[in-house]
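Residue numbers (the working numbering): 20 to 670.
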């Protein structure tokens with residue numbers, strides 16, 4: 020026994036030996052430095068000397084004490100070993116440094132969380148402050164574009180709209196980048212139309228592509244379901260960022276956007292999902308091999324930065340969003356040959372397929388265009404639509420030869436050939452369709468005089484092409500009746516339905532009808548410009564509008580008057596939209612009154628707060644005139660109750 024105690028005296032651990040009654044019989048030299056610890060005292064977990072404080076115990080009988088060692092406060096963790104004769108040996112380890120490190124790390128983590136939360140509050144505020152005036156700029160300019168303008172005035176207004184849209188994209192990118200860095204990015208799960216998603220992206224790119232003289236092509240594989248479930252807003256943002264990059268660096272040919280079945284299997288917990296591939300391909304100048312590795316780095320443009328302005332943030336955001344959705348972006352490129360960006364993600368899909376074949380697929384179609392890119396894109400689209408008797412021509416001579424061999428063929432003639440050889444080509448067929456650009460869409464009458472039976476405006480949407488192929492030979496519609504390929508004017512989905520692009524309407528929202536009576540609408544908006552914008556749109560649609568400047572005035576107005584619908588800004592002085600909604604829901608006249616939030620905040624938490632307060636839907640700023648009209652029409656009649664209202668908003 021004496022030799023064992025001698026060993027304990029030489030070790031660097033604290034050692035205390037007690038008898039069966041917990042009385043200290045031995046303490047080694049290290050333990051002698053503990054203030055107030057003496058032989059003859061009781062030393063157990065339950066009873067310690069007065070100068071020693073137990074601060075933590077564990078399930079393994081270990082306990083930690085706070086003691087004074089050589090006038091320094093230390094933390095010692097004791098590990099007891101019990102012997103058959105009732106004695107217990109307590110070996111203690113100084114864990115002061117570990118505890119201090121843990122405390123420091125815990126405090127750092129607490130500080131980091133506080134900083135992150137403050138950062139998100141700052142971002143939400145800045146988002147609101149930037150989006151609110153931008154809503155006025157884009158909205159008022161949209162009203163200007165809807166008014167009679169001469170050629171120069173329209174060009175100026177379109178330039179303002181394009182610059183404003185670019186600014187909005189940048190704001191969204193910066194906000195999402197900050198969310199990703201802070202770990203606050205939220206993904207939604209909602210039904211959307213893949214065809215309408217492509218259409219939206221194409222409409223955003225159309226004006227810039229038209230200015231550069233390049234084409235946008237949409238390719239939707241026939242095996243893609245008509246409806247997918249995922250986050251359409253994030254997918255749209257990724258595709259816009261990738262395709263905008265393609266348009267930026269492409270001077271001839273074009274940019275194609277394609278959705279097709281993906282490869283590989285999904286995770287075991289995603290058994291009801293399938294993988295789908297999203298591909299963006301351009302015929303631009305390409306990217307050097309040594310630049311590919313740093314292409315997705317923050318603020319790196321991946322090619323000659325002097326060629327085009329830009330932050331280089333778009334590709335970084337695209338990669339991070341795809342990663343958040345469980346995918347990864349691959350890029351292949353070669354100088355002078357263009358680039359292809361592709362990513363696969365797992366999504367739920369519903370039958371039937373999005374692409375419907377034409378009624379008479381046996382007809383012959385001739386595609387005539389000097390652009391190899393457009394010929395290839397239209398060929399693929401026609402094959403997806405079930406057309407197999409296809410021929411392409413790059414000039415007048417080839418087109419005339421093909422039409423002489425196939426006099427009943429349908430001719431899809433690109434604008435350059437239609438301008439130079441239209442009157443000659445139409446002599447070979449009675450079924451000629453001219454492909455117009457955004458800037459030349461109003462010139463169809465002149466082409467009709469040269470024998471063209473109909474027209475399509477590029478970008479060519481698959482469903483519109485299918486309908487033209489099925490109706491060719493019937494009286495042509497005028498240019499004024501052709502749906503404009505712009506986000507503010509096109510309400511028709513690619514699949515031929517009347518759903519707004521990429522999102523389905525709330526299941527509890529009533530269908531709109533142009534024959535219904537005008538509504539009496541309460542508009543709560545403190546920003547003067549946005550109030551004028553919304554009021555102008557609503558009055559143009561025939562509605563009566565009462566304007567209030569804060570939530571308190573909104574509550575008072577509901578108490579005094581009867582309204583069919585309320586448009587409620589979230590952030591207002593005196594009383595915000597959330598509190599106002601809660602109070603209105605407590606009023607007899609406000610229980611089932613549709614309330615739509617107008618919010619410049621882009622966070623899911625803010626949107627969820629709207630719905631939890633009792634709002635039925637929300638419209639994100641900046642909004643376009645058509646978006647406001649559509650959401651009002653969807654909520655013309657009261658919903659059954661606030662608890663059964665929509666859980667997904669419109670942006």
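We put the CB at the ideal spot given by N, CA and C, even for glycine.
In the DSSP assignment, what are the bridge partners of residue i?
{"i": "residue 96", "result": "83, 112"}
{"i": "residue 400", "result": "DSSP, once it has assigned bridges, lists no residue as partnering residue 400."}
{"i": "residue 236", "result": "275"}
{"i": "residue 102", "result": "According to DSSP, residue 102 bridges with nothing at all."}
{"i": "residue 361", "result": "298, 349"}
{"i": "residue 368", "result": "247"}
{"i": "residue 636", "result": "615"}
{"i": "residue 293", "result": "366"}
{"i": "residue 266", "result": "In the DSSP output, where bridge partners are listed per residue, residue 266 has none listed."}
{"i": "residue 315", "result": "Paired residue(s): none; residue 315 is not in a bridge."}
{"i": "residue 563", "result": "539"}
{"i": "residue 387", "result": "412, 432"}
{"i": "residue 209", "result": "249"}
{"i": "residue 587", "result": "543, 616"}
Could you tell me the alpha carbon to alpha carbon distance between residue i and residue j, rounded to whole angstroms?
{"i": "residue 666", "j": "residue 626", "result": "Its pLDDT being 38, under 50, residue 666 is placed unreliably in this model, and the value from its coordinates should be taken loosely. In a straight line, the C-alpha of residue 666 is about 9 Å away from that of residue 626."}
{"i": "residue 557", "j": "residue 226", "result": "27 Å"}
{"i": "residue 418", "j": "residue 247", "result": "40 Å"}
{"i": "residue 175", "j": "residue 153", "result": "17 Å"}
{"i": "residue 309", "j": "residue 383", "result": "46 Å"}
{"i": "residue 186", "j": "residue 423", "result": "51 Å"}
{"i": "residue 578", "j": "residue 463", "result": "55 Å"}
{"i": "residue 114", "j": "residue 280", "result": "57 Å"}
{"i": "residue 273", "j": "residue 232", "result": "9 Å"}
{"i": "residue 616", "j": "residue 265", "result": "36 Å"}
{"i": "residue 303", "j": "residue 394", "result": "17 Å"}
{"i": "residue 562", "j": "residue 538", "result": "5 Å"}
{"i": "residue 237", "j": "residue 219", "result": "11 Å"}
{"i": "residue 654", "j": "residue 164", "result": "27 Å"}
{"i": "residue 298", "j": "residue 216", "result": "13 Å"}
{"i": "residue 585", "j": "residue 155", "result": "20 Å"}
{"i": "residue 515", "j": "residue 483", "result": "Unreliable placement is indicated for residue 515, whose pLDDT of 33 sits below 50; the coordinate value is still reported in the next sentence. Residue 515 and residue 483: Cα-Cα distance of roughly 8 Å."}
{"i": "residue 353", "j": "residue 168", "result": "44 Å"}
{"i": "residue 42", "j": "residue 199", "result": "59 Å"}
Please list, in chain order, all residues of the same chain as residue i whose beta carbon is under 6 Å from its beta carbon, the five residues on each side excluded.
{"i": "residue 300", "result": "275, 359"}
{"i": "residue 99", "result": "80, 107, 109"}
{"i": "residue 599", "result": "570, 573, 574"}
{"i": "residue 543", "result": "567, 573, 587, 588"}
{"i": "residue 485", "result": "377, 404"}
{"i": "residue 197", "result": "142"}
{"i": "residue 29", "result": "none"}
{"i": "residue 631", "result": "none"}
{"i": "residue 479", "result": "none"}
{"i": "residue 277", "result": "238, 298"}
{"i": "residue 126", "result": "none"}
Following the continuous beta strand (DSSP E) through residue i, name the residue where it begins and the one where it ends.
{"i": "residue 476", "result": "473-476"}
{"i": "residue 539", "result": "539-543"}
{"i": "residue 76", "result": "72-76"}
{"i": "residue 647", "result": "First-last for residue 647: 644-653, but that is the alpha helix (DSSP H), not the beta strand (DSSP E)."}
{"i": "residue 574", "result": "No beta strand (DSSP E) contains residue 574, which is instead part of the alpha helix (DSSP H) from 570-579."}
Within the same chain, show all residues whose beta-carbon is closer than 7 Å to that of residue i, passing over the 5 residues directly before and after it, in chain order.
{"i": "residue 526", "result": "Reliability fails at residue 526, whose pLDDT of 34 lies under 50, so the model's placement of it is uncertain and the value that follows must be treated cautiously. Answer for residue 526: no residue qualifies."}
{"i": "residue 345", "result": "364, 365"}
{"i": "residue 593", "result": "569, 570, 571"}
{"i": "residue 56", "result": "46, 50, 68, 71"}
{"i": "residue 27", "result": "34, 47"}
{"i": "residue 435", "result": "389"}
Would you please state the rounded distance, in angstroms, between the beta carbons of residue i and residue j? I believe it to be under 8 Å.
{"i": "residue 183", "j": "residue 260", "result": "Not quite, the Cβ-Cβ distance comes to about 17 Å (not below 8 Å), so this is no contact."}
{"i": "residue 458", "j": "residue 229", "result": "6 Å"}
{"i": "residue 75", "j": "residue 63", "result": "The pair is not a contact, with the Cβ atoms about 15 Å apart (cut-off 8 Å)."}
What residues in its chain sit with their C-beta under 8 Å from that of residue i, if we drop five residues either side in the sequence?
{"i": "residue 250", "result": "206, 207, 208, 209, 344"}
{"i": "residue 160", "result": "176, 179, 180, 183"}
{"i": "residue 341", "result": "257, 347, 348, 362, 364"}
{"i": "residue 381", "result": "408"}
{"i": "residue 450", "result": "427, 428, 429, 430, 472, 491, 492"}
Would you mind reading off the limits of the alpha helix (DSSP H) that contains residue i?
{"i": "residue 51", "result": "Per DSSP, residue 51 belongs to no alpha helix (DSSP H) and is neither H nor E."}
{"i": "residue 339", "result": "332-343"}
{"i": "residue 483", "result": "481-490"}
{"i": "residue 466", "result": "463-468"}
{"i": "residue 555", "result": "547-559"}
{"i": "residue 38", "result": "Element bounds for residue 38: n/a, residue is neither H nor E."}
I want to see whether chain B comes within less than 8 Å of residue i, judged by CB atoms only; does it?
{"i": "residue 571", "result": "No chain B is part of this structure, which consists of one protein chain only."}
So is the beta-carbon of residue i under 7 Å away from any non-hydrogen atom of the ligand GTP?
{"i": "residue 183", "result": "The model depicted lacks the ligand GTP and carries no ligand whatsoever."}
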